[in-house]
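In this note's numbering, the protein residues as written are 350 to 908.
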């Protein structure tokens with residue numbers, strides 16, 4: 350059991366304000382972004398409702414109201430607001446359904462009997478009254494009337510002429526369920542027999558509107574075979590949940606029955622366009638050759654993807670492939686924002702490594718662009734780098750990972766705002782690397798290929814056209830192939846992978862490859878060493894995802 354330590358020290362208000370300043374600033378920034386995404390301004394906001402115990406601290410409330418320019422409200426108890434909201438939401442769920450769907454707000458009663466009527470009404474409302482409307486597909490005899498009575502209070506509407514579109518407003522005097530009885534009379538006042546005559550309307554504490562998606566979720570696709578990857582969104586941040594839909598994609602490769610290849614449908618959370626891997630990985634649905642017995646999925650074959658995203662962020666995905674008469678699913682649901690898929694106790698070193706690489710990108714952009722946000726990102730990422738993996742608590746690692754992801758989103762926005770300058774700097778870096786390390790060993794064909802891609806990339810920059818990332822990727826690939834022939838470069842790559850053992854979950858496999866690689870170097874067997882480096886790359890832990898398939902390339906085309 351860990352020893353308990355007690356401290357008794359003075360904490361001034363000024364000291365406390367400094368300690369919480371970063372968290373408060375992040376909350377204010379998030380609120381500004383939410384207002385902006387909703388297409389509003391602070392002038393459109395009537396008041397701020399504070400939720401949670403920390404907002405009982407008045408200087409915090411004053412700071413938020415001052416920064417946002419919106420008046421604060423203290424009418425809602427911050428300590429109970431979350432519990433009340435959770436209770437209201439829980440009551441709106443039909444827990445008897447398989448997927449815990451929302452209770453329907455619309456009700457309908459088919460009376461049957463002598464007159465086949467349909468009564469439509471709002472079954473759930475926070476109002477103290479509701480309207481019941483008549484619908485009939487058959488002519489209603491002249492002179493008929495209908496009446497609605499409350500079985501709880503004795504209230505009656507009195508008789509009202511019965512016609513298609515006629516309605517009665519009923520009163521809902523008590524919270525929860527209000528029960529009513531419907532009666533229908535002919536022209537002579539005689540009651541007509543109804544098979545069903547009871548209506549139940551629930552008066553709720555509040556209306557549960559559609560929950561907006563907090564984040565965009567998209568599928569990684571190619572615009573053409575060999576083209577650049579992009580995201581085809583299933584849902585955008587702010588769209589109402591739940592949502593069902595269908596997307597038609599195309600296979601970007603041929604897949605034969607029984608082969609060990611696969612078609613990979615990769616799902617990401619976020620809107621970062623380049624690189625897509627800066628978004629949060631959700632999972633991969635793989636269609637493998639072993640998943641169907643006969644036939645071939647040709648390049649260009651339709652992949653009909655049906656999806657459903659519920660209130661909680663659960664994503665259900667099913668893909669139909671008409672060419673092989675197959676239906677494929679992942680065998681499990683995906684989940685947006687599933688932190689439980691990450692073992693934060695073991696991920697601290699990975700987070701620090703991600704912070705290092707992201708900070709390096711910030712520095713490269715800072716050499717080209719002047720933006721105060723880059724200084725803020727540098728400070729935040731530097732704090733993440735100071736995380737001690739041996740002492741970091743789960744909460745520290747989780748917060749650090751969120752900081753890295755948020756920094757990547759900010760970096761993507763800065764890149765988009767200064768795209769031409771940043772692209773030029775990236776191209777210049779790749780040209781410099783080729784000239785310094787690869788040109789001397791390149792053959793004429795490789796030099797010609799490099800120069801062609803360089804010219805194509807420069808034209809794209811000058812004309813502000815798409816396709817730059819593809820050119821840059823081909824330049825890097827060309828440079829890598831040339832340098833890969835050099836044994837010294839292969840050894841340096843091996844050292845790069847083996848100097849970071851925290852990248853690997855399968856420690857036994859890593860140790861085996863490390864031992865084999867050292868033997869290959871001793872024996873100067875560089876072909877074998879190259880294969881070992883490929884294997885090391887294949888078992889690298891990817892972005893904290895529990896799905897190692899995220900290392901697979903997406904190979905589907907936009908429909």
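The C-beta atom is built at its ideal place from N, Cα and C for all residues, glycine as well.
What separation, rounded to the nearest whole angstrom, lies between the Cα atoms of residue i and residue j?
i	j	result
residue 729	residue 771	22 Å
residue 447	residue 653	24 Å
residue 613	residue 721	40 Å
residue 762	residue 829	29 Å
residue 356	residue 411	30 Å
residue 895	residue 634	With a pLDDT of 37 at residue 895, under the threshold of 50, the modelled position of this residue cannot be trusted, and the question is left open.
residue 365	residue 404	14 Å
residue 926	residue 496	Beyond the ends of the chain as shown, which are 350 and 908, falls residue 926; an answer cannot be given.
residue 723	residue 821	24 Å
residue 704	residue 753	6 Å
residue 460	residue 544	6 Å
residue 295	residue 797	With the chain running from 350 to 908 in the structure shown, residue 295 is simply not present.
residue 658	residue 673	27 Å
residue 687	residue 573	Unreliable positioning characterises residue 687 in this predicted model, as indicated by a pLDDT of 43, which lies under 50. The coordinate reading is nonetheless provided below. When rounded, the distance between both Cα atoms is 31 Å.
residue 868	residue 836	14 Å
residue 651	residue 908	8 Å
residue 503	residue 533	17 Å
residue 741	residue 618	26 Å
residue 800	residue 779	12 Å
residue 360	residue 435	34 Å
residue 354	residue 876	57 Å
residue 817	residue 792	25 Å
The alpha helix (DSSP H) that contains residue i, what's its start and end?
i	result
residue 478	Residue 478 -> not in any alpha helix (DSSP H); beta strand (DSSP E) instead, spanning 478 to 484.
residue 648	Note, residue 648: premise wrong, no alpha helix (DSSP H); not H, not E.
residue 819	817 to 833
residue 366	362 to 386
residue 416	407 to 417
residue 326	Since the displayed the chain opens at 350 and closes at 908, residue 326 lies outside it and no answer follows.
Residue i and residue j: beta carbons closer than 8 Å?
i	j	result
residue 585	residue 608	no
residue 631	residue 664	yes
residue 506	residue 489	no
residue 521	residue 453	no
residue 594	residue 583	yes
residue 437	residue 456	no
residue 500	residue 530	yes
residue 831	residue 787	yes
residue 425	residue 398	yes
residue 408	residue 362	yes
residue 655	residue 647	no
residue 431	residue 394	no
residue 889	residue 853	yes
residue 604	residue 638	yes
residue 597	residue 581	no
residue 769	residue 810	yes
residue 711	residue 749	no
residue 462	residue 482	no
Provide the residue(s) that pair with residue i in DSSP beta bridges, ordered along the chain.
i	result
residue 519	479
residue 442	451
residue 906	571 and 599
residue 782	None, per the DSSP bridge assignment.
residue 510	494
residue 527	550
residue 840	Note: residue 840 sits in no beta bridge, so no partner.
residue 474	552
residue 331	The structure shown has nothing for residue 331, since the chain only spans 350 to 908.
residue 505	498
residue 608	Its beta-bridge partners do not exist; DSSP assigns none.
residue 464	Note: residue 464 sits in no beta bridge, so no partner.
residue 540	534
residue 398	422
Taking the continuous beta strand (DSSP E) assigned at residue i, which residues delimit it?
i	result
residue 676	675 to 678
residue 615	611 to 618
residue 886	It is not in any beta strand (DSSP E) - residue 886 instead sits in the alpha helix (DSSP H) that spans 875 to 887.
residue 632	629 to 637
residue 470	467 to 471
residue 498	494 to 499
residue 667	663 to 670
residue 859	Note, residue 859: premise wrong, no beta strand (DSSP E); alpha helix (DSSP H) at 856 to 871.
residue 548	547 to 552
At the 8 Å Cβ level, is residue i part of the contact set with chain B, yes or no?
i	result
residue 484	The question asks about chain B, but that chain is absent: this structure has only one protein chain.
If we require 3 or more residues per run, which beta strand (DSSP E) segments fall completely within the region 556 to 606? For the region 556 to 606, whole beta strand (DSSP E) runs of length 3 or above, ordered along the chain, are 566 to 571, 578 to 584 and 592 to 600.
Quick check on the DSSP output: what are the complete alpha helix (DSSP H) runs of length 4 or more inside the region 705 to 754, in order along the chain? Runs found: 721 to 734.
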